Amino acid sequence: MRTEFKPVRIAVIGTLCWDRIIRPDKTVTESFGGIAYTILTLASLLESKAEIIPICNVGRDRYPEAISLLKKSPDINLAGLTKIKQKNNFVRLTYKNTQHRDEILEGGVPALEFDQVKPFLEVDYLLANFISGWDIELETLQKIRKKSKAEIYLDLHSLTLGIDDKGRRFSRNPQGWEEYVACADYLQLNQTEMETIFGHKLKEPELSQAAGKLLALGPEIVVVTLSDKGCLLTCRRSDKKAMTEKVRSKPVSPVLDTTGCGDVFGAGFLAKLIAAQDPVQAADFANYVAGLKATFSGLEGLSYFTPLDLEFA
């Protein structure tokens, strides 16, 4: 891989929610979640090689803790955080097993406005991770796409989730999802999210075809995460034709908590892509760090990621 690369600026858009994680054995963990996983993973892997700029609204009740958490890294620029009058989003995740959970969301953190992003349009990369599902509106994202030269990494994630009057999340096909996809240079979603936007179950050969359809909407890379089976990578070759490769993950043990694995995957993929300029290497590395995340609960283990992982893993 290319070990030397120019320092970069990465904006991260999404929501810093507060998670209460109830595992199958009834063990409870509480910590920041959402884009906290993204921010801290990028900061650890790209230490001294990147400026990480979270751009998000934070509820008044959790704002001091958010500042305290993020200022520990000198590579995280806090200028994009906005303290709001509403309470922070609170997410209760109750796991039935390591892969399936019920999710309840409380809180009213609003979507970002374009003016909050405008000061940071000169970044090299912008990673938008839908945590609440309304983190950023389509019109705002399209405006960013038009006015910024940043390469955009988009994780659809909770854009495919609705919410009922009791805060319970459920899968739903988001209106205008094709237009969101068209804003991305790099697109991430999992198999369930893929099936949600296409409206039916997809077997493995059909996943490749569906990924090709997403690629045709504009992205250079589409990566579909497949839980402990790895991921399906579809990207444009130099001759503009699409190539698809299944990148398998290695087993990890013990699997304690899969919360944040997708967020860590996205951060790991982008970090390795920046360092190596190779999508297959990026997918393999993203599988690796996402697997490591499954072996611990909460954020603490992310501090053990280092640039050496990026170079040698």
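Read in order, the letters of the sequence shown correspond to residues 0 to 312 in numbering that gives the first Met the number 0.
For glycine and all other residues, C-beta sits at the position ideal for the given N, C-alpha and C.
Keep in mind the model is a prediction, meaning the values are calculated, not measured.
Quick one: give me the first and last residue of the alpha helix (DSSP H) that Thr-305 is part of.
Run containing Thr-305: none; DSSP gives neither H nor E here.
Residues in its own chain within less than 6 Å of Gly-107 by CB, not counting five upstream and five downstream?
Gln-85
Taking the alpha-carbon positions, what's the Val-254 to Leu-301 distance?
16 Å
Taking only three categories from DSSP, how would you classify Gly-267?
helix
My output table needs one value for Lys-5: the three-state DSSP class, helix, strand or coil.
coil
Limits of the beta strand (DSSP E) - the one that Trp-176 falls within:
Not the beta strand (DSSP E): Trp-176 falls in the alpha helix (DSSP H), residues 176 to 181.
Given Tyr-94, which residues of its chain have a CB within under 6 Å of its CB, disregarding the five upstream and five downstream residues?
Arg-22, Pro-23, Arg-100
For Gly-58, the three-state DSSP class (helix, strand or coil):
strand
Around the Cβ of Ser-248, are there at least 16 other Cβ atoms within 10 angstroms (buried) or fewer (exposed)?
buried
Cβ separation of Ile-52 and Arg-8, assumed to be a contact under 8 Å, to the nearest whole Å
7 Å
Asn-189 to Leu-69 span [Cα, whole Å]:
28 Å
DSSP three-state label for Gly-211, please.
helix
Just the C-alpha distance for Ser-67 and Lys-240, rounded to the nearest angstrom, thanks.
47 Å
Count Cβ pairs between the region 264 to 274 and the region 42 to 59 that sit closer than 8 Å; are there 3 or more?
yes
Taking 8 Å as the cut-off, does the region 115 to 128 touch the region 230 to 240 (at least 3 CB pairs, one atom from each stretch)?
no
Touching by the beta-carbon criterion (3+ pairs, under 8 Å), the region 277 to 289 and the region 49 to 63
no
For a minimum of 3 consecutive residues, which ranges assigned as the beta strand (DSSP E) are wholly contained in the region 10 to 39?
17 to 21, 27 to 31
With distances taken from CA atoms, which of Lys-25, Thr-26, Gly-13, Val-27 is nearest Tyr-36?
Gly-13
Which residue marks the beginning of the alpha helix (DSSP H) containing Glu-219, and which one marks its end?
That residue, Glu-219, is in no alpha helix (DSSP H); it is neither H nor E in DSSP.
Taking Cβ to Cβ, would you say His-156 is nearer than 9 Å to Gly-261?
yes
Assuming contact is defined by CB atoms lying nearer than 9 Å, are Tyr-152 and Gly-265 in contact in what I supplied?
yes
Let me know the alpha helix (DSSP H) ranges lying completely inside the region 127 to 198, each 4 residues or longer, listed in chain order.
137 to 146, 176 to 181, 190 to 197
In the region 75 to 126, which residue ranges form an unbroken alpha helix (DSSP H) of at least 4 residues, counting only runs that do not cross its ends?
113 to 116
Return the first residue and the last residue of the beta strand (DSSP E) that Leu-231 is part of.
230 to 235
Closest Cα partner of Gly-166 within the set Ala-183, Ile-143, Glu-105
Glu-105
Using only alpha-carbon positions, find the residue among Asp-184, Pro-218, Gln-174, Gly-217 that is nearest to Gly-198.
Gln-174
Tell me the residue span of the beta strand (DSSP E) that contains Val-246.
241 to 246
Bridge-paired residues (DSSP) for Glu-50
Arg-8
For Ala-127, count neighbouring Cβ atoms within 10 angstroms of its own Cβ and tell me buried if that reaches 16, exposed if not.
buried
Leaving out five residues on either side along the sequence, give the residues of the same chain with a beta carbon under 6 Å from the beta carbon of Leu-111.
Ile-135
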